[in-house]
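Read in order, the letters of the sequence shown correspond to residues 6 to 438 in full-length UniProt numbering.
See structure below.
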Amino acid sequence: HRKYRPFAPIRKTDRRWPDQIIDRAPRWCSVDLRDGNQALIEPMNVVQKRRMFELLVKLGFKEIEVGFPAASQPDFDFVRSLITDNLIPDDVTIQVLTQARDELIARTFESLRGARRAIVHLYNSTSTVQREQVFGLDREGIRAIAVKGAHTVARLASERPETQWVFQYSPESFTGTELDYAVEVCDAVTAVWQPTPDNKVIINLPATVEMSTPNVFADQIEWVCDHIARRDSIIISLHTHNDRGCGVAAAELGVMAGADRIEGTLLGNGERTGNMDIVTMALNLYSQGVDPQLDLANMDEIVECVKACTQLPVHPRHPYAGELVFTAFSGSHQDAIRKCLARRQSDASWDVAYLPIDPEDLGRDYQAVIRINSQSGKGGVAYVLEREYGIQMPRWLQIEFSARVQQATEASATELNGEQIWHIFNETYLRPA
Ligand code: KIV
Ligand code: ZN
Numbered sequence: 006h007r008k009y010r011p012f013a014p015i016r017k018t019d020r021r022w023p024d025q026i027i028d029r030a031p032r033w034c035s036v037d038l039r040d041g042n043q044a045l046i047e048p049m050n051v052v053q054k055r056r057m058f059e060l061l062v063k064l065g066f067k068e069i070e071v072g073f074p075a076a077s078q079p080d081f082d083f084v085r086s087l088i089t090d091n092l093i094p095d096d097v098t099i100q101v102l103t104q105a106r107d108e109l110i111a112r113t114f115e116s117l118r119g120a121r122r123a124i125v126h127l128y129n130s131t132s133t134v135q136r137e138q139v140f141g142l143d144r145e146g147i148r149a150i151a152v153k154g155a156h157t158v159a160r161l162a163s164e165r166p167e168t169q170w171v172f173q174y175s176p177e178s179f180t181g182t183e184l185d186y187a188v189e190v191c192d193a194v195t196a197v198w199q200p201t202p203d204n205k206v207i208i209n210l211p212a213t214v215e216m217s218t219p220n221v222f223a224d225q226i227e228w229v230c231d232h233i234a235r236r237d238s239i240i241i242s243l244h245t246h247n248d249r250g251c252g253v254a255a256a257e258l259g260v261m262a263g264a265d266r267i268e269g270t271l272l273g274n275g276e277r278t279g280n281m282d283i284v285t286m287a288l289n290l291y292s293q294g295v296d297p298q299l300d301l302a303n304m305d306e307i308v309e310c311v312k313a314c315t316q317l318p319v320h321p322r323h324p325y326a327g328e329l330v331f332t333a334f335s336g337s338h339q340d341a342i343r344k345c346l347a348r349r350q351s352d353a354s355w356d357v358a359y360l361p362i363d364p365e366d367l368g369r370d371y372q373a374v375i376r377i378n379s380q381s382g383k384g385g386v387a388y389v390l391e392r393e394y395g396i397q398m399p400r401w402l403q404i405e406f407s408a409r410v411q412q413a414t415e416a417s418a419t420e421l422n423g424e425q426i427w428h429i430f431n432e433t434y435l436r437p438a
């Protein structure tokens, strides 16, 4: 497989709304090993976690949430093993999640003993439903939990100056929280942590449950960006889930609205309907000429690893990753693709009908693009014979022969491969019975 080629510039004519494009990749944080893992029927074992971690590093993730060590002994042990076995590259920072409870925070810091650099991700729930029905606390009470947690994090970090600490706070269930109150709690936390432009904290705004259309979520993010204190000392991070099927769209609009960082998982595993899929968002950027800052050039390796580690299938039509997504079945699509590919100059930017990006950029092959079934037309049949057997048919023969192929596919109700098409061609024209 090969590295990405230079990116095609976004066409001038597409720049009708220049403030409504994303012109560079956000900072990514993978939560595969935490949110993704906690949503699995069978949580990953150590071998699977290491395999996933190694893949994430290889793809270029610089921030990786590796677990919830105070909540589970396997997570604790995994964090310890990453540190003691020296598995964390210098340019990668691990992140761990903790609830805002003193004993859990203490255990979290314990898991990080000896880490070179780490993000401590503190959270508590702030939504009306959680306040009223789960915690039975008012606004004050919930804010106090966050502030107390922030103090404990700051104190324990100051006791371990050998580690470079980064602090992150999530008002969990942000999408069910009044905006002014969410900002009030975040401001109270950052007042404890006292970030500066050179030493920023991360404020992560989760769509714990996706509750609105993506534009509404983006408006909420914009409002927070405009009203939060110390904006120049804060990295605004988003953590969207996919309950309405719009996790990627919400993250994209959220970035347009001012967010700097995105948390998500490979191919979207995560609680309920999943976390937002970083692969899809990264390749959406790529298709617009923006370097995603992740190396997704070996898609088959990613799919294999995700399947092996999560024990979940990948849908054949999953954006960019599914095995059928660069395959055209209909004749008119095949014909258009064939014409575009034939005219294409190798160094030109990608501009091929029906294919949003060049499958080769993901280590996929054109060979799989054209498949022949009962919906295929003359273009597809001609393409396969030319590509695989060097046979160039005049137009009249394409029409005649594709009708013959269509009869065969209708009779067998399956798709035909190149060899079978060649066989029909041979029987019909070269060695008729
Ligand atoms: O979805 C969520 O709210 C979370 C938080 C703990 C960030 O996973
Ligand atoms: Zn989550």
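All C-beta atoms in this analysis are idealised placements derived from N, C-alpha and C, irrespective of residue type, glycine included.
Residue i, enclosing alpha helix (DSSP H) - first and last residue
i    : result
P200 : No alpha helix (DSSP H) holds P200; DSSP gives it neither H nor E.
Y221 : The sequence as given places Val at residue 221; Tyr does not occur at that position. Looking at the DSSP string, the run of the alpha helix (DSSP H) that includes V221 is 219-232.
C314 : 304-315
V389 : 383-394
W401 : 400-417
Q25  : First-last for Q25: undefined, no H or E at that position.
I99  : Per DSSP, I99 belongs to no alpha helix (DSSP H); it is in the beta strand (DSSP E), 98-104.
N289 : 283-292
I150 : 144-163
T113 : 107-116
W427 : 423-430
H338 : 336-348
L60  : 51-64
E257 : 252-261
Sequence-distant residues of the same chain with beta carbon closer than 8 Å to residue i, five excluded per side
i    : result
D95  : R121
E257 : I27, P219, M286, N289
V97  : V62, F66, K67, E68, I69
R56  : C310, A313, C314
I283 : W33, S35, I267, G269, T270, L271, L299
T133 : G181, T182, E183
V386 : I377, Q403, F406, S407, V410, I426
D237 : P202
Sequence-distant residues of its chain with Cβ nearer than 6 Å to residue i (five each side left out)
i    : result
C251 : P219
R16  : With a pLDDT of only 49 at R16, under the threshold of 50, the placement of this residue in the model should not be trusted, and no figure is reported.
N42  : P48, M49
V190 : T131, R148, A151, P176
T213 : E177, S178
E328 : P321
Residue i and residue j closer than 8 Å at C-beta
i    : j    : result
I241 : A223 : no
S116 : V84  : yes
R148 : F114 : no
A30  : D305 : no
V171 : I207 : yes
H244 : P211 : yes
L127 : G72  : no
Q403 : G336 : no
C345 : A358 : yes
A159 : W198 : yes
A75  : R112 : yes
H246 : E276 : yes
A193 : K153 : no
Counterpart residues of residue i in DSSP-defined beta bridges
i           : result
F172        : V125
T89         : DSSP lists no partner for T89.
H244        : P211, E268
G72         : V101
S130        : E177
I239        : V206
residue 495 : Shown here, the chain extends from 6 to 438; a query on residue 495 therefore has no answer.
N42         : According to DSSP, which records beta bridges pairwise, N42 is partnered with nothing at all.
N280        : H246
Residue i, enclosing beta strand (DSSP E) - first and last residue
i    : result
R266 : 266-269
C34  : 32-35
Contact set for residue i: own chain, Cβ-Cβ below 7 Å, skip 5 residues either direction
i    : result
Q25  : M261
T157 : D107, I110
I429 : R409, V410, A413
Cβ-heavy atom distance, residue i to the ligand COA, below 7 Å
i    : result
E177 : The ligand COA is not part of this structure, which contains only the ligand KIV and the ligand ZN.
Check your understanding: Closer than 7 Å from C-beta to any heavy atom of the ligand ZN: which residues, in chain order?
Key -> Going by the Cβ distance cut-off, the answer is V36, D40, P211, T213, H244, H246, G275, E276, N280.
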